[in-house]
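Beneath this line is the structure, given in structure tokens, with notes to follow.
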């Protein structure tokens, strides 16, 4: 090989190596951006999970309170029905 040809070949190899390095750096940047996006999504999912768990706890508590109220109303209605039946029975005599 002549001196200029060896330099040209080395320059081409260097240029290819620099292109490969630039491509690797770009892939790494893309991977980092993807990781940041996944981290943000994971954080958002965690926040949603916490909010939903809190809302579920509140809904369960409200449901239990409504069940208790429903039982109390049913008991009062039964007592009222019994009273009305007693009054009607007493008036029929």
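In my numbering, the protein residues as written are 1436 to 1528.
Quick reminder that beta carbons are idealized off the backbone N, C-alpha and C, glycines included.
Small disclaimer: the values here were computed from a predicted structure and weren't measured.
{"Item": "Output the distance between the C-alpha atoms of residue 1512 and residue 1491, rounded to the nearest integer angstrom.", "Value": "31 Å"}
{"Item": "Would you mind reading off the limits of the alpha helix (DSSP H) that contains residue 1528?", "Value": "That residue, residue 1528, is in no alpha helix (DSSP H); it is neither H nor E in DSSP."}
{"Item": "If you draw a straight line from the alpha carbon of residue 1469 to that of residue 1509, how long is it in whole angstroms?", "Value": "58 Å"}
{"Item": "What's the gap between the Cα of residue 1516 and the Cα of residue 1499?", "Value": "26 Å"}
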